[in-house]
């Protein structure tokens with residue numbers, strides 16, 4: 093007598109290409125017949141046996157295909173089919189029953205069965221073919237579902253990325269913007285790094301870079317929300333203190349949980365481009381690149397957004413002379429390792445890297461403004477940072493260069 097758990101066909105054995113098929117059949121004679129049919133045609137299957145629907149529920153997840161009788165001790169008609177599909181919606185189930193009823197067959201297929209076969213009317217080759225087709229149809233359907241899910245996710249990610257990576261709003265032709273934003277790690281998940289540049293009606297130019305702590309759609313969505321709100325407030329002509337205080341309130345209302353926070357750095361350049369103001373909320377200071385070299389623009393920092401009520405956001409005025417580039421960046425750029433040890437690049441290492449890159453590109457540390465020069469600079473810096481780390485960076489990174497050339 094055949095085992096309750098498994099019936100091995102002649103071709104089954106232990107081959108890697110064997111298809112696990114679950115036969116749900118309480119009649120030993122019918123079970124033996126199915127076994128012989130598959131053995132005669134050398135079907136490469138491993139046949140599992142369940143005598144009841146209850147037993148089948150414990151084995152269905154292990155099977156690529158199910159041969160289901162509609163008359164079982166604990167299930168009659170389509171009840172068993174529906175129950176198995178509720179348990180395993182992606183199961184490839186073929187009804188194999190003694191009832192030659194076309195109407196019932198149609199109902200079974202509508203309920204989710206891959207096919208409807210009648211005992212005694214099925215030859216071995218036909219049964220094997222039906223099993224193969226049922227498995228392949230399910231695989232194709234699953235592949236299509238995964239493709240649709242991937243397409244939807246790609247569309248959503250693209251929307252989020254467009255929100256995180258805007259087009260600068262500039263009227264002054266003497267200014268240019270270069271930016272890069274890269275996902276860290278091997279999985280390339282969406283992150284919360286964002287930036288923006290806006291020239292207001294009064295001629296002031298405001299640049300922003302921010303980093304929502306964490307990675308994923310929730311952080312990316314919050315980053316988009318903060319960036320769009322910042323641009324709206326800048327275009328409305330609101331004072332910088334009010335802008336940052338409003339963003340702080342917005343983050344507290346929009347974040348999914350109380351642990352989410354964001355760091356920001358806001359650079360405001362006067363209409364004559366000879367001075368600017370730097371304000372930071374728990375963020376890294378920007379870098380000023382001029383003919384004299386690379387300088388970190390130190391300024392008092394306030395807590396990150398979302399980590400307390402802050403009404404005043406102190407800023408520091410900086411002088412700007414001749415051609416210059418201001419680099420704003422997130423911590424992903426400097427947290428990479430240097431070689432195999434635990435030492436990190438850090439801001440000092442980044443400035444040394446920029447100086448070396450400028451010398452190698454023939455600028456001699458001049459920091460001459462211009463979109464092409466800054467594009468090359470950003471690409472070279474990121475390339476060197478990744479090379480020093482020895483692999484992809486673990487964290488997301490964003491870097492923004494706002495450049496000015498009075499002769500342009």
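In the working numbering, the protein residues as written are 93 to 500. Positions of the beta carbon are idealized from the N, C-alpha and C atoms, including for glycine.
- As for any beta strand (DSSP E) of minimum length 3 sitting wholly inside the stretch 358-389, the runs are 367-373, 379-382, 385-388, ordered along the chain.
- In this structure, residue 417 keeps its C-beta atom at 8 Å or more from the C-beta atom of residue 383.
- If you draw a straight line from the Cα of residue 486 to the Cα of residue 421, it comes to about 16 Å.
- The beta carbon of residue 369 lies closer than 6 Å to those of 360, 407, 409 in the same chain, with the five residues before and after it left out.
- Counting along the chain, the unbroken beta strand (DSSP E) around residue 301 starts and ends at 297-307.
- A direct Cα-Cα distance of roughly 46 Å separates residue 334 from residue 238.
- Per the DSSP secondary-structure output, residue 411 pairs in a beta bridge with 367.
- Closest option to residue 358, judged by alpha-carbon separation, among 436, 397, 348: 397.
- In chain order, 314, 317 place their CB closer than 7 Å to the CB of residue 346, counting only its own chain and leaving out the 5 sequence neighbours on each side.
- By the CB criterion at 8 Å, residue 395 and residue 374 fall inside the cutoff.
- Residue 179 has its alpha-carbon roughly 58 Å from the corresponding atom of residue 331.
- Residue 113 and residue 226 have their C-alpha atoms spaced approximately 11 Å apart.
- Rounded to the nearest whole angstrom, the C-alpha separation of residue 432 and residue 483 is 11 Å.
- By the Cβ-count criterion, residue 449 is buried, with 16 or more other Cβ atoms from all chains shown falling within 10 Å of its own Cβ.
- In terms of Cα proximity to residue 453, the closest of 466, 119, 492 is 466.
- Rounded to the nearest angstrom, the Cβ distance from residue 241 to residue 209 is 32 Å, too far for a contact under 8 Å.
- DSSP lists 138 as the bridge partner or partners of residue 112.
- Close CB contacts of residue 390 within its chain, under the 6 Å cut and outside five residues either way in sequence, are with 377 (chain order).
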